[in-house]
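K.L.:
First the structure, which I've put down as structure tokens, then a few questions once you've had a look.
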Amino acid sequence: MKKFVITFLVGLLLAAGFETFFCGTAGEEQAAVEAYRGTPSVENHPEEIDPSSEPEEEPWEPQSAHLLSAGDNLIHSSLYEQAAARSEDGGYDFTYLYENVASYLSSADITTINQETVIVPSNSPSTYPLFNSPPELASYVTDLCGVDVLNLANNHCLDQGTDGLGECLSFWGENYPDVLTTGVYQNEADYQTTRLKEVDGITFAFLGMTELTNGLSLASGSEIVIDQALDDAGLARLQAEIERADEASDIVVMNVHWGDEYSFTPTDRQRYLAQQMAEWGVDIIIGHHPHVLQPVETIETSDGRTALVAYSLGNFASAQADAYCLVGGILDYTVERETEGGEAVLTSYSLTPVVTHYDSGYANNRIYLLEDYTEDLAYNHGVRSRYSSFSLTYIDSLLQEVVGQEVLDGVTLG
Numbered sequence: 090m091k092k093f094v095i096t097f098l099v100g101l102l103l104a105a106g107f108e109t110f111f112c113g114t115a116g117e118e119q120a121a122v123e124a125y126r127g128t129p130s131v132e133n134h135p136e137e138i139d140p141s142s143e144p145e146e147e148p149w150e151p152q153s154a155h156l157l158s159a160g161d162n163l164i165h166s167s168l169y170e171q172a173a174a175r176s177e178d179g180g181y182d183f184t185y186l187y188e189n190v191a192s193y194l195s196s197a198d199i200t201t202i203n204q205e206t207v208i209v210p211s212n213s214p215s216t217y218p219l220f221n222s223p224p225e226l227a228s229y230v231t232d233l234c235g236v237d238v239l240n241l242a243n244n245h246c247l248d249q250g251t252d253g254l255g256e257c258l259s260f261w262g263e264n265y266p267d268v269l270t271t272g273v274y275q276n277e278a279d280y281q282t283t284r285l286k287e288v289d290g291i292t293f294a295f296l297g298m299t300e301l302t303n304g305l306s307l308a309s310g311s312e313i314v315i316d317q318a319l320d321d322a323g324l325a326r327l328q329a330e331i332e333r334a335d336e337a338s339d340i341v342v343m344n345v346h347w348g349d350e351y352s353f354t355p356t357d358r359q360r361y362l363a364q365q366m367a368e369w370g371v372d373i374i375i376g377h378h379p380h381v382l383q384p385v386e387t388i389e390t391s392d393g394r395t396a397l398v399a400y401s402l403g404n405f406a407s408a409q410a411d412a413y414c415l416v417g418g419i420l421d422y423t424v425e426r427e428t429e430g431g432e433a434v435l436t437s438y439s440l441t442p443v444v445t446h447y448d449s450g451y452a453n454n455r456i457y458l459l460e461d462y463t464e465d466l467a468y469n470h471g472v473r474s475r476y477s478s479f480s481l482t483y484i485d486s487l488l489q490e491v492v493g494q495e496v497l498d499g500v501t502l503g
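90 is the number of the first residue of the sequence shown in the numbering used here; add one for each residue after it.
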């Protein structure tokens, strides 16, 4: 009996010890059970840890950018005088001049123009031969027409002198910081800074140069840089600039002021420069200065690339007296990247004709897309006092002879 009691008591003590050792208190045991029950399992909650439930990356889509480039924005006195007459606050209202083409220009991802006349706010507006435009013009070019890039390198950039050109650059930079200006720079550091814009993953570099300044020169000691290529040293500098831009971008666009005024035919110099610039890395060449249209064509480079050159887009806005100066063009072109990691290339281009219209005495000047221009408007154009043949037939004949129907209809590459 004594042996049994001792054995029984030892058993109870051993049982209590094992329970304490392995399970702890009853509360701790319950907590452990609940914690275990709260642990997810693959079988019961597959959606919580299944890697296939992670959101997939968006598939890569082809990239595309649509650009428009217009010709010379040449603001004669009749244009700013009519803008003053139409203003209700004593300033200048250029809406009437641009409103017929504004929505088309604004439709592009990037729109460029050659701003032929400087804007120097401290000087009064003036006309040929030393132009200066009122500062109000800028908002109509940029806000109304949607222009993103202005070429300032042209034969009239020094019309208001070195100080005037510096003030013009400051005006654009301070008031329109998102608008790129090309061809004229505040100093060497500014010149070395490539102007870039990106659309849908495609990076564009914009350059500008002029071969002419109407015999005017920068003042001695000025830091301003006017991009020119008049000799071998200038060409070497231009090549380095283009190669720098090519390295920083997918597509290089060059605005260039060159050629002979009122000539429909590119000079040998234009063709030589176009080929050289293309070889160095320029993809799109936009020509200005002749005030009339010249051909639009492609050129092939030694490495197999295709570059587009519009030798002259003619006038965009002006009040010139000759009928052929009143027919200009807007270059319409598209750049695409079809495969991820592939090259961005020009895929199509066309020329959209525009007509500058004014009534007798250069009154009521405004710009039309040719598709919106009528025979009645042509018949009442003020230019008919000098060119009685001005008509839709005259315009069509000029376009066919200089540009050709293929470019007017649109060319698809590749």
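All C-beta atoms, glycine included, are put in the ideal place defined by N, C-alpha and C.
Roughly how many whole angstroms lie between the Cα atoms of Y241 and R475?
P.N.:
By 1-based counting over the sequence shown, the position of residue 241 is 152. By 1-based counting over the sequence shown, the position of residue 475 is 386. The sequence shown places Leu at residue 241, not Tyr. Going from the Cα of L241 to the Cα of R475 covers about 32 Å.
K.L.:
Sorry if obvious, but does the Cβ on T201 come closer than 7 Å to a heavy atom of the ligand GDP?
P.N.:
Among the components of this structure there are no ligands whatsoever, and the ligand GDP is therefore not found.
K.L.:
With respect to the beta strand (DSSP E) encompassing N469, which residues constitute its N-terminal and C-terminal limits?
P.N.:
Residue 469 sits at position 380 when you count from the first residue of the sequence shown. It is not in any beta strand (DSSP E) - N469 carries neither H nor E in the DSSP assignment.
K.L.:
Can you tell me whether Q204 is helix, strand or coil according to DSSP?
P.N.:
Position 115 of the sequence shown holds residue 204. Note: Q204 maps to strand in three-state DSSP.
K.L.:
Counting along the chain, where does the alpha helix (DSSP H) carrying D321 start and finish?
P.N.:
The residue you call residue 321 lines up with position 232 of the sequence shown. Looking at the DSSP string, the run of the alpha helix (DSSP H) that includes D321 is 321-337.
K.L.:
Please classify T463 as buried or exposed, where buried requires at least 16 other C-beta atoms within 10 Å of its C-beta.
P.N.:
The residue you call residue 463 lines up with position 374 of the sequence shown. Classified as exposed, T463 has fewer than 16 neighbouring CB atoms from the shown chains inside 10 Å of its CB.
K.L.:
Please name the residue or residues paired with A399 in a DSSP beta bridge.
P.N.:
Against the sequence shown, residue 399 aligns to sequence position 310. DSSP output for A399 lists I375, V385 as bridge partner(s).
K.L.:
Excluding five sequence neighbours on each side, which residues of the same chain lie with their C-beta closer than 7 Å to the C-beta of E427?
P.N.:
Against the sequence shown, residue 427 aligns to sequence position 338. The answer, listed in chain order, is P151.
K.L.:
Could you give the first and the last residue of the continuous alpha helix (DSSP H) run that contains A363?
P.N.:
Numbered from 1 along the sequence shown, position 274 holds the residue referred to as residue 363. Residues 357-369.
K.L.:
Compute the Euclidean distance between the alpha carbons of N189 and M366, then round it to the nearest angstrom.
P.N.:
Your numbering for residue 189 matches position 100 in the sequence shown. Your numbering for residue 366 matches position 277 in the sequence shown. Each residue's Cα considered, the two are about 35 Å apart.
K.L.:
So, L186 versus A406, is the Cβ gap smaller than 8 Å?
P.N.:
Residue mapping note: residue 186 aligns to position 97 of the sequence shown, counting from 1. Residue mapping note: residue 406 aligns to position 317 of the sequence shown, counting from 1. In contact: L186 and A406 (Cβ atoms closer than 8 Å).
K.L.:
Just to confirm my understanding: we take T436, look at its own chain, exclude 5 residues before and 5 after, and list those with CB closer than 6 Å. What are they?
P.N.:
As a working note, residue 436 is residue 347 in the sequence shown. Excluding sequence neighbours, T436 sits near T423, E425, L502.
K.L.:
Just how far apart, CA to CA, sit V345 and I202?
P.N.:
Position 256 of the sequence shown, counting from 1, holds the residue named residue 345. Position 113 of the sequence shown, counting from 1, holds the residue named residue 202. V345 and I202: Cα-Cα distance of roughly 11 Å.
K.L.:
Is the CB of Q409 under 8 Å away from at least one CB in chain C?
P.N.:
Here there is only one protein chain, and chain C is not present.
K.L.:
For a test of the three-state rule: what should DSSP assign to V230, helix, strand or coil?
P.N.:
As a position in the sequence shown, residue 230 is number 141, starting the count at 1. Note: V230 maps to helix in three-state DSSP.
K.L.:
Excluding five sequence neighbours on each side, which residues of the same chain lie with their C-beta closer than 6 Å to the C-beta of D372?
P.N.:
Taking the first residue of the sequence shown as position 1, residue 372 is located at position 283. I340, V341, A396, listed in sequence order.
K.L.:
Just to confirm before moving on: does the CB-CB distance between T251 and I313 stay below 8 Å?
P.N.:
What you label residue 251 is simply residue 162 of the sequence shown in a count that begins at 1. What you label residue 313 is simply residue 224 of the sequence shown in a count that begins at 1. With contacts defined by Cβ atoms closer than 8 Å, T251 and I313 form a contacting pair.
K.L.:
Can you tell me the Cα-Cα spacing of S215 and E432, whole angstroms?
P.N.:
What you label residue 215 is simply residue 126 of the sequence shown in a count that begins at 1. What you label residue 432 is simply residue 343 of the sequence shown in a count that begins at 1. When rounded, the distance between both Cα atoms is 46 Å.
K.L.:
Please state if the CB of G297 and the CB of G272 are separated by a distance shorter than 8 Å.
P.N.:
What you label residue 272 is simply residue 183 of the sequence shown in a count that begins at 1. What you label residue 297 is simply residue 208 of the sequence shown in a count that begins at 1. Closer than 8 Å, so yes.
K.L.:
Give me the Cα-Cα distance between E486 and P148, rounded to the nearest whole angstrom.
P.N.:
Taking the sequence shown and counting its residues from 1, one reaches residue 486 at position 397. Taking the sequence shown and counting its residues from 1, one reaches residue 148 at position 59. Per the sequence shown, the amino acid found at residue 486 is Ser instead of Glu. Those two C-alpha atoms are separated by around 48 Å.
K.L.:
Any idea what DSSP makes of V496, helix, strand or coil?
P.N.:
By 1-based counting over the sequence shown, the position of residue 496 is 407. The answer is helix: DSSP assigns V496 an H, G or I state.
K.L.:
Per DSSP, P442 forms a beta bridge with which residues?
P.N.:
The sequence position of residue 442 within the sequence shown is 353, counting from 1. Per DSSP, G418.
K.L.:
Tell me which residue opens and which closes the alpha helix (DSSP H) that R284 is part of.
P.N.:
In the sequence shown, counting from the first residue as 1, residue 284 sits at position 195. Here R284 belongs to no alpha helix (DSSP H); instead the beta strand (DSSP E) covers 284-288.
K.L.:
Express the C-alpha separation of Y265 and Q275 in angstroms, rounding to a whole number.
P.N.:
Along the sequence shown, one-based indexing puts residue 275 at 186. Along the sequence shown, one-based indexing puts residue 265 at 176. The alpha-carbon atoms of Q275 and Y265 are separated by roughly 16 Å.
K.L.:
Short of 6 Å in beta carbon distance, which residues of its chain neighbour G323, apart from the five on each side in sequence? Order them along the chain.
P.N.:
Along the sequence shown, read from residue 1 onward, the residue named residue 323 stands at position 234. Here G323 has Q317 as same chain residues with Cβ atoms under 6 Å from its own Cβ, once five neighbours each way along the sequence are excluded.
K.L.:
Beta-carbon separation of S167 and A412 under 8 Å?
P.N.:
Within the sequence shown, the letter at position 78 stands for residue 167. Within the sequence shown, the letter at position 323 stands for residue 412. Contact flag unset, no.
K.L.:
If I follow the unbroken alpha helix (DSSP H) through D161, where does it start and stop?
P.N.:
For the purposes of this step, residue 161 is taken as the residue at position 72 of the sequence shown. It is not in any alpha helix (DSSP H) - D161 instead sits in the beta strand (DSSP E) that spans 152-162.
K.L.:
When the Cα atoms are used, what is the spatial distance from I375 to S401?
P.N.:
The residue labelled residue 375 in the question sits at position 286 within the sequence shown. The residue labelled residue 401 in the question sits at position 312 within the sequence shown. Looking at the two C-alpha atoms, the distance is approximately 7 Å.
K.L.:
Please list, in chain order, all residues of the same chain as R504 whose beta carbon is under 7 Å from its beta carbon, the five residues on each side excluded.
P.N.:
There is no way to answer for residue 504, as the model of the chain reaches only from 90 to 503.
K.L.:
What would DSSP say about I315, mapped onto helix, strand or coil?
P.N.:
As a working mapping, residue 315 is identified with position 226 in the sequence shown. Per DSSP, reduced to three states, the secondary structure at I315 is strand.
K.L.:
For my contact list, I199 and F293 are in at a C-beta cut-off of 8 Å; report their separation, rounded to the angstrom.
P.N.:
On the sequence shown, position 110 is the one that residue 199 refers to. On the sequence shown, position 204 is the one that residue 293 refers to. So it is a contact: roughly 7 Å between Cβ atoms.
K.L.:
Measuring only the C-alpha atoms, how far is Q249 from L305?
P.N.:
Locating residue 249 in the sequence shown gives position 160, counting from the first residue. Locating residue 305 in the sequence shown gives position 216, counting from the first residue. Each residue's alpha carbon lies about 10 Å from the other.
K.L.:
Count the other CB atoms, across all protein chains shown, that sit within 10 Å of the CB of Q494; report buried if there are 16 or more and exposed otherwise.
P.N.:
What you label residue 494 is simply residue 405 of the sequence shown in a count that begins at 1. With fewer than 16 other Cβ atoms within 10 Å, it is exposed.
K.L.:
Report the rounded CA-to-CA distance for Q364 versus I388, giving the unit in angstroms.
P.N.:
Within the sequence shown, the letter at position 275 stands for residue 364. Within the sequence shown, the letter at position 299 stands for residue 388. Looking at the two C-alpha atoms, the distance is approximately 7 Å.
K.L.:
I need the DSSP call for G476, collapsed to helix, strand or coil.
P.N.:
Against the sequence shown, residue 476 aligns to sequence position 387. Just to set this straight, residue 476 is Tyr in the shown sequence, not Gly. Coil at Y476, not helix or strand.
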